[in-house]
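Enquirer: Sharing a structure, written as structure tokens. Questions coming.
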Amino acid sequence: DDYGLRKNEPLRLAAFDPPCFFRAAAIASLEHAGIDWSIGYVSNTLPDLWSAVKLNLGIAVRTPAAVPAGLTILDSKHGLPDLPPFRVSLCRSATELKRPITDRLRVILEECLALSVSAAT
238 DDYGLRKNEP LRLAAFDPPC FFRAAAIASL EHAGIDWSIG YVSNTLPDLW
288 SAVKLNLGIA VRTPAAVPAG LTILDSKHGL PDLPPFRVSL CRSATELKRP
338 ITDRLRVILE ECLALSVSAA T
């Protein structure tokens with residue numbers, strides 16, 4: 238399978254409308270690497286985006302967390318440039334008192350992100 242990577246054709250992206258960190262990161266990385274690209278599909282929802290990728294309308298840049306079955310995570314072995322790091326922030330009001338539920342949510346997010354990153358490497 239060529240994963241939508243065809244010689245002499247722009248790489249098709251499946252993405253959300255701007256502003257979208259993942260879309261911007263993909264475009265910047267492709268342009269820096271000198272890889273021609275085009276938008277093959279635009280979606281407003283993640284399920285639609287995954288469907289577009291499954292239909293080979295474009296490749297999507299997302300975190301490795303919750304990648305649907307049947308999709309392949311592409312990287313430099315497939316001729317693609319590295320992407321910038323992605324930051325996740327959990328914010329609360331400065332006036333909010335420290336609550337155990339907020340701390341528990343932080344721990345859950347950290348655990349889920351650590352598992353998804355280790356599974357993708």
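Start counting at 1 in the sequence shown, then tack on 237, and there's your number in the numbering used here. All residues carry an ideal CB built from backbone N, CA and C; glycine is no exception.
Between the beta-carbon of V298 and the beta-carbon of A263, is there less than 8 Å?
Expert: Their beta carbons are under 8 Å apart, which means V298 touches A263 by this criterion.
Enquirer: Report the option in E246, A261, C349 whose CA atom is closest to the CA atom of I272.
Expert: It is E246 whose Cα lies nearest to the Cα of I272.
Enquirer: In the DSSP assignment, what are the bridge partners of W274?
Expert: DSSP output for W274 lists L248 as bridge partner(s).
Enquirer: For A251, count the other beta carbons within 10 Å of its own beta carbon; 16 or more makes it buried, fewer makes it exposed. Which is it?
Expert: It counts as buried.
Enquirer: Do L308 and K291 count as a contact pair if the criterion is CB distance below 8 Å?
Expert: In this structure, L308 lies closer than 8 Å to K291 by Cβ.
Enquirer: Determine whether the beta carbon atoms of F253 and S280 lie at a separation below 8 Å.
Expert: In contact: F253 and S280 (Cβ atoms closer than 8 Å).
Enquirer: Taking the Cβ atom as the reference point for each residue, do V325 and L350 lie within a distance shorter than 8 Å?
Expert: Taking 8 Å as the Cβ cut-off, V325 and L350 qualify as a contacting pair.
Enquirer: Taking the alpha-carbon positions, what's the I296 to E347 distance?
Expert: Looking at the two C-alpha atoms, the distance is approximately 27 Å.
Enquirer: Along the alpha helix (DSSP H) that carries L286, what are the first and last residues, could you check?
Expert: It spans 283-291 - the alpha helix (DSSP H) in which L286 sits, taken as one unbroken run.
Enquirer: Under 8 Å between the Cβ atoms of S266 and L320?
Expert: Yes, they are a contact pair.
Enquirer: Just to confirm, are N294 and R249 a CB contact at a threshold of 8 Å?
Expert: A small fix is needed here, since residue 294 is Leu in this sequence, not Asn. The answer is yes: Cβ separation under 8 Å.
Enquirer: Nearest CA to the CA of W274: which residue from W287, K244, D285?
Expert: Comparing Cα positions, the closest option is K244.
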